[in-house]
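Heads up, the thing below is written out as structure tokens.
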Amino acid sequence: MAPKKDKAILKALEDELNKNKDTKNLDKNNLRDLLSQLNLADIASGSAGVGQGNKKDLGQHKFWSTQPVSLPQEGTLDGPIDPTTDITKFRKEPYPLPNDYEWVDLDLNNEQELEDVRELLCLNYVEDDEATLRFNYSAEFLAWALKPPGYEKSWHVGVRVASGKRKLVAFIAAVPMIIDVNNQKLRTSEVNFLCVHKKLRSKRLAPVLIKEVTRRCNIKGVFQATYTGGNILPGIISTCQYFHRPINVQKLVETGFSQAPPGMTIERMTKLNEIPASSAAKPQPEGFREMEENDVKGVTELLNAYLSRFDLKPIFSEEEISHTFLSGRGEGDYIDGKPMRSKQVLWAYVVENPNTKQITDFISFYSLPSTVVGNEKYPILDAAYMFYYATDKSLPDDWRTSNEKVFDKKLDITRRSRVGERLNRLVEAILRISKGAGFDVFNTLTLMDSNHFIDDQKFKPGSGLLNYYIFNWRLGQQIHGGIGSGRDGSGIALVML
1 MAPKKDKAIL KALEDELNKN KDTKNLDKNN LRDLLSQLNL ADIASGSAGV
51 GQGNKKDLGQ HKFWSTQPVS LPQEGTLDGP IDPTTDITKF RKEPYPLPND
101 YEWVDLDLNN EQELEDVREL LCLNYVEDDE ATLRFNYSAE FLAWALKPPG
151 YEKSWHVGVR VASGKRKLVA FIAAVPMIID VNNQKLRTSE VNFLCVHKKL
201 RSKRLAPVLI KEVTRRCNIK GVFQATYTGG NILPGIISTC QYFHRPINVQ
251 KLVETGFSQA PPGMTIERMT KLNEIPASSA AKPQPEGFRE MEENDVKGVT
301 ELLNAYLSRF DLKPIFSEEE ISHTFLSGRG EGDYIDGKPM RSKQVLWAYV
351 VENPNTKQIT DFISFYSLPS TVVGNEKYPI LDAAYMFYYA TDKSLPDDWR
401 TSNEKVFDKK LDITRRSRVG ERLNRLVEAI LRISKGAGFD VFNTLTLMDS
451 NHFIDDQKFK PGSGLLNYYI FNWRLGQQIH GGIGSGRDGS GIALVML
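Using UniProt numbering, you'd call the opening residue of the sequence shown number 1 and step up by one each time.
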């Protein structure tokens, strides 16, 4: 994740690209172009690769070679790899575990069981390559992420020691989701939080966890799943890159998240990355305010319409919009005047037209701090992550009354300019909010229309790449992950927590 790793990622990219004499003179300023030219098929097959930060353990290649996953192949029709949909054909009994361990369904409404999951993840889940940063999940975050409308308790799968204190030693979760892939609607599960206690990695529990959660989804009639990871596995359909907007420069440098360039003082870095207050030159959008319950219908319509032009995106119901963007807003009033409430994990804002009262814009971000291992001065790094956003500047003027449900994938020059101007103002607004709330860094991926604001808002390229996968679904072509995308942006509009 930290920019100090950019040299390693650049070296790997240059080694790959130097095979082509036309690319030998590319330098670090062309990082995104380098990434975009690197053959995604080579990465996915394991014959080429780059250093990855914050890897998720998703099992071994030997296991994945037995699963219904495949690289996108040009000329192939999109569709299931294994077409079986008869739920009576699937295994009814759980897969066997090693002796002394047992399967459990985690009840995340039970405070102790939720705490067991939180403790397992915080001590054993995602960390950077140097093992200095580890995600520090809160109980509120996990409840928000894992209990969307229609969630299945049986999809919160745990493994406990079968005796004594019955310690939780492994976990995997799936939540239901409707997605659209190349204009095909799929009922899927989003699989996440695969975690095995560090002392048990030799027992190869990860493949068993994956097979078990797959079985549980299958017997409920769900045959496809989405998942992401920094690890390189068979079947990558797209890859996005992390970008980071420094806020607390000194803390980022002292924790090793960032490095000061040669000859650059921290004071100079801080000044260059200062987030200015709202001003006449850069005013907050008129009608910008926090999202409320009565905005749910308007946000649902706007977000689904905005997302429709991307190749991979979720389809939200009003119930899902309410949960996703309001249930994580915390309790009570702002703390000490900061734009942050107790137990808040999600910030969501809209722009309301003062005349029509219609929602014209929407933007959101969530909080996911990391523990800084062994750092007494800065034990926690507070990170904000860009979530979903939308603007009607990308849509036809008559989009609210149009019978069309899918809008043009490529923006014309006029709409591209309008989208860029509006997104920059929205991102400026939430950067000011995140600074006021005490965040140290604001992270985003090359998703949706991020190409319109990454450079203008001083986001810096990180070394982390996030690979996207769809279990049991074949694609005819890879989806552009927005790396080196230029004006056309990304084809990915699915944000995975």
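The beta carbon of each residue, even a glycine, is placed where N, CA and C say it ideally should be.
Everything numeric in this text was worked out from a predicted model, so none of it was measured.
9 Å Cβ cutoff met for residue 72 and residue 475
yes
For residue 168 and residue 159, what's the separation of their Cα atoms in angstroms?
Each residue's Cα considered, the two are about 6 Å apart.
Exposure of residue 479, with buried meaning 16 or more beta-carbon neighbours within 10 Å
buried
Is the CB-CB distance between residue 401 and residue 360 below 9 Å?
no
Residue 47 to residue 241 span [Cα, whole Å]
Model confidence at residue 47 stands at a pLDDT of 37, short of 50, so the residue's coordinates are unreliable; what they give is reported in the following sentence. Their backbone Cα atoms lie some 20 Å apart in a straight line.
Among residues of its own chain, excluding the 5 on either side of residue 406, which ones have a beta-carbon nearer than 8 Å to its beta-carbon?
183, 308 and 309
Report the residue from 161, 319 and 431 whose alpha carbon sits nearest the alpha carbon of residue 349.
431
Touch check for the region 136-150 and the region 111-123: three-plus C-beta pairs under 8 Å?
With a cut-off of 8 Å, the region 111-123 and the region 136-150 count as touching, because enough Cβ pairs lie within range.
Tell me the residue span of the beta strand (DSSP E) that contains residue 228.
Here the beta strand (DSSP E) through residue 228 covers 224-229.
Are the beta-carbon atoms of residue 440 and residue 247 separated by less than 9 Å?
yes
Reference residue 232; option with closest CA among 78, 433, 64 and 332:
64
How is residue 493 classed by DSSP in three states: helix, strand or coil?
coil
Can you find a heavy atom of the ligand PLP that lies under 8 Å from the Cβ of residue 310?
With respect to the ligand PLP, the structure shown offers nothing to examine, as it has no ligands at all.
Nearest to residue 237 (by Cα), restricted to the options 225, 324 and 299
225
Pop quiz: residue 387 and residue 495 are said to be a contact at Cβ under 8 Å. What is the actual Cβ separation, rounded to whole angstroms?
6 Å
Could you name the residues that DSSP lists as bridge partners for residue 577?
Lying before the first or after the last residue shown, residue 577 is absent from the chain, which here runs from 1 to 497.
Stretch pair the region 375-389 + the region 255-263: three plus CB contacts closer than 8 Å:
Counting Cβ pairs under 8 Å, three or more are found: they touch.
Using DSSP's beta-bridge definition, name the partner residues of residue 501.
The question about residue 501 has no answer, for the chain in this structure spans 1 to 497.
Under 8 Å by Cβ, that's how I've got residue 472 and residue 452 pegged, so tell me the actual separation to the nearest angstrom.
Actually they do not touch by this definition, with Cβ atoms about 34 Å apart.
Reference residue 367, options 497, 67 and 94, closest by Cα
497
When the Cα of residue 464 is compared with those of 444, 142 and 328, which residue comes out closest?
444
Can you give me the Cβ contacts of residue 146 inside the same chain, cut-off strictly under 7 Å, excluding the 5 residues immediately before and after it?
Excluding sequence neighbours, residue 146 sits near 108, 156, 173 and 175.
With respect to the alpha helix (DSSP H) encompassing residue 461, which residues constitute its N-terminal and C-terminal limits?
No alpha helix (DSSP H) holds residue 461; the beta strand (DSSP E) holding it covers 460-471.
Inspect the CB distances between the region 339-353 and the region 312-330 and report whether three or more fall short of 8 Å.
yes
Which residue spans inside the region 102-182 form an unbroken alpha helix (DSSP H) run of at least 4?
As far as the region 102-182 is concerned, its whole alpha helix (DSSP H) runs of at least 4 residues are 111-124 and 139-146.
Could you check if residue 67 is buried or exposed, using at least 16 other CB atoms within 10 Å of its CB as the buried criterion?
Burial of residue 67 is indicated by the presence of at least 16 other C-beta atoms within 10 angstroms of its C-beta.
Quick one: give me the first and last residue of the alpha helix (DSSP H) that residue 241 is part of.
From DSSP, residue 241 is part of no alpha helix (DSSP H) but of the beta strand (DSSP E) over 238-246.
Nonlocal neighbours in the same chain, by C-beta distance under 6 Å from residue 153, ignoring five residues either side
105
Please state if the CB of residue 82 and the CB of residue 223 are separated by a distance shorter than 9 Å.
yes
Going by the beta-carbon positions, is the gap between residue 393 and residue 372 smaller than 9 Å?
no
Completely contained beta strand (DSSP E) runs for the region 303-327, where each covers 3 or more residues
Taken in chain order, the unbroken stretches of beta strand (DSSP E) that lie wholly in the region 303-327 and span 3 residues or more are 312-314.
Just reading off the alpha helix (DSSP H) that residue 443 is part of, what are its end residues?
First-last for residue 443: 441-445, but that is the beta strand (DSSP E), not the alpha helix (DSSP H).
Can you tell me where the beta strand (DSSP E) with residue 260 in it begins and where it stops?
Neither: residue 260 is in no beta strand (DSSP E) and is coded neither H nor E.
Leaving out five residues on either side along the sequence, give the residues of the same chain with a beta carbon under 6 Å from the beta carbon of residue 27.
Low local confidence applies: a pLDDT of 47 at residue 27 is under 50, so the model's placement there is unreliable, with the coordinate-based value given in what follows. Within the same chain, residue 27 has no close Cβ partners at all.
Coil, strand or helix - residue 277 by DSSP
coil
Residue 438 by DSSP, collapsed to three states: which one?
coil
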